[in-house]
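Here's the structure, in structure tokens; my notes come after.
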Amino acid sequence: MHQTSDRYEACRTAEDTAGRARTRERVDALVLTSTRRKHRILDAGVRSGAPLRNDTTLVRLAAGGRDVHTSVHGTAPDSLVGALEAARRLLPFGRLYAEARPLLPDTTWDQAAFLDNTAETPDSLARLLTELQGLAEFVGPRQDVSLRIADCVLTVDHRATAFASPEHPQAADYEVSRLELRTLVEVERAGRRIRLWTARHGHRLRELPMKEMLEEAGWRGAAMLASHAKPGPGAGNTLMLAPRAAASLLGLVVKDLVDGFPVSTGPFPATVLDDPTAVGGYHVHPFDEEGAPSGPTVLLGRTGTRTRLTCRGSGDGQGTVALTGHAARGGESEVPEALPSNVRLETAPSDYAHDEYEGLLAYDLRGDGVQRMRSGSCFTVRLDVARLREGKVAHGAGTVVLTATTAEVLSAITATTPTRSYFPGRTHSVGGAWLSLDLSALRFEYVA
Numbered sequence: 001m002h003q004t005s006d007r008y009e010a011c012r013t014a015e016d017t018a019g020r021a022r023t024r025e026r027v028d029a030l031v032l033t034s035t036r037r038k039h040r041i042l043d044a045g046v047r048s049g050a051p052l053r054n055d056t057t058l059v060r061l062a063a064g065g066r067d068v069h070t071s072v073h074g075t076a077p078d079s080l081v082g083a084l085e086a087a088r089r090l091l092p093f094g095r096l097y098a099e100a101r102p103l104l105p106d107t108t109w110d111q112a113a114f115l116d117n118t119a120e121t122p123d124s125l126a127r128l129l130t131e132l133q134g135l136a137e138f139v140g141p142r143q144d145v146s147l148r149i150a151d152c153v154l155t156v157d158h159r160a161t162a163f164a165s166p167e168h169p170q171a172a173d174y175e176v177s178r179l180e181l182r183t184l185v186e187v188e189r190a191g192r193r194i195r196l197w198t199a200r201h202g203h204r205l206r207e208l209p210m211k212e213m214l215e216e217a218g219w220r221g222a223a224m225l226a227s228h229a230k231p232g233p234g235a236g237n238t239l240m241l242a243p244r245a246a247a248s249l250l251g252l253v254v255k256d257l258v259d260g261f262p263v264s265t266g267p268f269p270a271t272v273l274d275d276p277t278a279v280g281g282y283h284v285h286p287f288d289e290e291g292a293p294s295g296p297t298v299l300l301g302r303t304g305t306r307t308r309l310t311c312r313g314s315g316d317g318q319g320t321v322a323l324t325g326h327a328a329r330g331g332e333s334e335v336p337e338a339l340p341s342n343v344r345l346e347t348a349p350s351d352y353a354h355d356e357y358e359g360l361l362a363y364d365l366r367g368d369g370v371q372r373m374r375s376g377s378c379f380t381v382r383l384d385v386a387r388l389r390e391g392k393v394a395h396g397a398g399t400v401v402l403t404a405t406t407a408e409v410l411s412a413i414t415a416t417t418p419t420r421s422y423f424p425g426r427t428h429s430v431g432g433a434w435l436s437l438d439l440s441a442l443r444f445e446y447v448a
């Protein structure tokens with residue numbers, strides 16, 4: 001694939017920076033470039049904002065068994081020289097380290113799957129609104145509601161990354177397009193209307209799961225407009241979670257696994273998989289911020305086996321750690337830590353038809369209150385619930401307060417659709433799918 005000017009600039013800067021190492025020094029350089037632009041798409045036309053550019057160069061200097069990390073906004077040579085000089089002064093106080101070996105081979109990276117150079121053309125933007133309107137007309141009647149696209153905002157973030165080191169004097173590099181589609185959907189039911197925002201993320205405009213987004217918005221809006229009643233005996237013990245709610249619940253599971261909370265031995269009906277190369281995942285990369293190759297890693301297997309994510313700082317200082325390709329800067333610190341990338345559930349193939357579902361639907365997981373309340377190994381969440389009949393909202397069903405451990409949530413899974421949507425957070429993304437849970441295996445109560 002033709003190398004863009006951003007990608008070329010990133011490679012040149014990374015190679016130049018890494019090449020400034022003195023005798024017995026090691027310099028690793030990671031260059032991140034980003035060009036972000038927002039487009040508001042309406043029937044009257046498209047209004048596009050000015051592109052916003054942000055470049056960062058991350059530098060690691062190592063010598064004598066210690067290393068120091070620093071960063072520079074931009075790619076100016078003078079700034080990089082100054083950053084290296086500052087790192088040399090700090091090196092005697094740096095972190096003790098030992099070189100580590102990558103666990104995975106170099107990743108086979110299909111650049112075309114993660115890049116969309118036509119997303120911002122006038123024709124593409126006009127077709128996007130037309131397609132959304134057509135899907136709204138298709139989805140609405142199937143849910144016994146009317147859907148209308150009231151507003152649409154597409155944000156496109158083109159990113160180029162390059163890494164150079166003594167092992168990679170010719171920089172390794174890649175490009176991705178990060179798309180965010182936010183849509184204001186007006187839902188009408190029985191003469192009453194409500195507007196709500198919904199969103200999906202991905203890499204290529206034509207592959208965004210827009211039908212799933214509108215299905216979720218339609219059911220959510222219908223539930224908020226419907227009358228409310230406590231579920232009767234016929235509601236059953238199955239609870240289906242919409243993709244965003246499922247991703248929020250899985251996010252708590254991921255936090256437990258990454259933080260090292262104990263999880264009982266399986267078997268579980270699903271595998272928790274972290275995949276830095278997942279198509280559609282917002283946090284994709286063929287190599288991490290330390291240059292280690294990245295690839296799918298099983299956080300929790302069906303038998304209860306776990307894999308610890310690692311980076312150079314994860315070891316004991318003796319070089320015994322194997323790098324899983326998960327080094328990233330997650331907070332204010334310039335030192336990489338081991339963080340997940342794109343996490344999803346992997347289950348056996350299923351013919352689960354979510355659009356024909358009858359029973360309880362959890363359309364939202366509360367973002368406040370006791371969402372993250374803990375008691376030992378348990379967490380508590382509040383799920384807003386509706387009763388579905390023949391794929392249509394019969395009535396709202398209040399809130400289900402669910403208390404469970406990670407093992408209990410995973411054990412209660414009865415079916416799921418393939419993951420098509422990833423919901424990004426600051427450090428990683430979590431996959432969401434239509435997820436079915438057996439309530440009889442969990443501790444829960446209904447509240448008004």
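344 is the number that the working numbering gives to position 344 of the sequence shown; each next residue is one higher, with no gaps. C-beta: ideal position from N, C-alpha, C; glycine also.
- By the criterion of a C-beta distance shorter than 8 Å, THR271 is surrounded in its chain by VAL298, LEU300, GLY301, ARG302, LEU345, GLU346 and THR347, once the five residues flanking it on both sides are discounted.
- Taking a C-beta distance under 8 Å as the contact criterion, VAL254 and ALA407 do not qualify as a contact pair.
- Pairing PRO51 with VAL31, the inter-Cα distance amounts to about 19 Å.
- ALA160 and THR35 have their C-alpha atoms some 9 Å from each other.
- With contacts defined as CB atoms closer than 8 Å, ARG37 and GLU120 qualify as a contacting pair.
- Secondary structure at ALA270: strand, using DSSP grouped into helix, strand and coil.
- Bounds of the alpha helix (DSSP H) holding GLU85 are 77–90.
- Straight-line spacing of the CA atoms in HIS168 and CYS11 works out to 11 Å.
- Look at ALA246 here: in three-state DSSP terms it is helix.
- Taking a 10 Å sphere around the C-beta of LEU90, we find fewer than 16 other C-beta atoms and assign the residue as exposed.
- Within the DSSP secondary-structure output, MET240 pairs in a beta bridge with LEU361 and SER436.
- In the structure shown, the three-state DSSP call for CYS11 is helix.
- Under the three-pair Cβ rule at 8 Å, the stretch 376–394 does not count as touching the stretch 412–419.
- With a contact defined as Cβ atoms closer than 8 Å, ASP123 and ARG204 miss out at about 15 Å.
- Counting other Cβ atoms within 10 Å of its Cβ, LEU257 reaches 16 or more and is therefore classed as buried.
- Per DSSP, reduced to three states, the secondary structure at GLU25 is coil, with no helix or strand assignment.
- The stretch 397–405 makes no contact with the stretch 422–429; the number of CB pairs closer than 8 Å stays below 3.
- Our two residues, VAL447 and LEU147, have alpha carbons roughly 29 Å apart in a direct line.
- Taking the Cα of THR427 as reference, the smallest distance to any Cα among ARG24, TRP109, PRO336 and ALA164 is reached at PRO336.
- Taking C-beta separations shorter than 7 Å and ignoring five residues to either side along the sequence, the partners of ARG182 in its chain run VAL153, TRP197 and ALA199, following chain order.
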